[in-house]
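Peer 1:
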Amino acid sequence: MLRHADVWRAIDQLAAKYGFSPSGLARRAGLDPTTFNKSKRVTSEGKQRWPSTESVAKILSATGASLAEFVSLIGEENASALAQRIPVISYGQAGHNGFFDETGYPTGSGWDEVLFPQIGDPNAFALEISGDDMQPVYRDGDTIIVSPAASIRRGDRIVVKTLEGEVMAKQLRRMTARRVELVSLNPAEEERVLSAGEVAWMSRIIWASQ
505 MLRHADVWRA IDQLAAKYGF SPSGLARRAG LDPTTFNKSK RVTSEGKQRW PSTESVAKIL
565 SATGASLAEF VSLIGEENAS ALAQRIPVIS YGQAGHNGFF DETGYPTGSG WDEVLFPQIG
625 DPNAFALEIS GDDMQPVYRD GDTIIVSPAA SIRRGDRIVV KTLEGEVMAK QLRRMTARRV
685 ELVSLNPAEE ERVLSAGEVA WMSRIIWASQ
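Here it is in structure tokens:
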């Protein structure tokens, strides 16, 4: 059984391993320096609190540690409670038939897998960026995690697939019942406007390995 104390201890150990105090690690990860303070590990009612998935993902990115390394600090038997295996393919493959169903869920074969903090979306998938078309936001070799279950709002970065099979990562400028306006991540690329009838599916990018 995964215990609160096991996860908090793993965060403390990860911080020490990479030469940080817990508050220093939080600051390095772009979090509030008090995120991992002892007082933040319980609620005002005295109940134990879990660290957020987002904070775990950010400290892994900040240290360069893998999720497997973090899991090893809390015990391998806790891996299924803390993490999920997410299918991953190259960005270039995403437009091919057989990798997604009509709703944008990953399907078929040919997927590799990555271990990622549990996000509560069994249909989440990952794309490995290839090429320089999305610089400076995403670089060649970056991996983006996409969640079909996540709500989409103006300004979000999303992956869109058209009925013709084109797959693109863009920023949502505006969406109406008739059309979808997209901003290119590369300032050298033109903006795109699609009619609603051209879009097969779109899902929000929730994390990138930058």
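The opening residue of the sequence shown carries number 505 in this note's numbering; numbering runs sequentially from there. By construction, the Cβ of each residue, glycine as well, lies at the ideal position given by its N, Cα and C atoms.
1. Going by C-alpha distance, which of D644, R677, K665, E632 is nearest W615?
2. Comparing alpha-carbon positions, which option in D625, V687, A704, L689 lies nearest T557?
3. Can you tell me where the alpha helix (DSSP H) with T557 in it begins and where it stops?
4. Should L676 go down as buried or exposed, given a rule of 16 or more other Cβ atoms within 10 Å for buried?
5. Tell me the DSSP secondary structure of P621 in three-state form.
6. How big is the Cα-Cα spacing for R513 and I578?
7. By how many angstroms is the C-alpha of G701 removed from the C-alpha of A569?
8. Which residue wins for smallest C-alpha separation from I648, given the options A630, N690, S699?
9. Does DSSP put K521 in a helix, in a strand, or in coil?
10. Rounded to the nearest angstrom, what separates A692 and V641 at their Cα positions?
11. Buried or exposed, going by whether 16 or more other CB atoms sit within 10 Å of the CB of V546?
12. In whole angstroms, give me the CA-to-CA distance for G596 and P610.
13. Rounded to whole angstroms, what is the Cα-Cα separation between A509 and F620?
14. Here's the rule: buried if 16 or more other CB atoms are within 10 angstroms of the residue's CB, otherwise exposed. What is Q622?
15. Rounded to whole angstroms, what is the Cα-Cα separation between A681 and D605?
16. Do you know how far the Cα of L564 is from the Cα of V664?
Peer 2: Quick answer:
1. E632
2. D625
3. 557 to 567
4. buried
5. strand
6. 8 angstroms
7. Those two C-alpha atoms are separated by around 43 angstroms.
8. Looking only at A630, N690, S699, the smallest Cα-Cα distance to I648 is reached by A630.
9. helix
10. Approximately 12 angstroms between the Cα atoms of the pair.
11. exposed
12. 15 angstroms
13. Rounded to the nearest angstrom, the two C-alpha atoms are 20 angstroms apart.
14. exposed
15. In this model, A681 and D605 are separated by some 23 angstroms (Cα to Cα).
16. 28 angstroms
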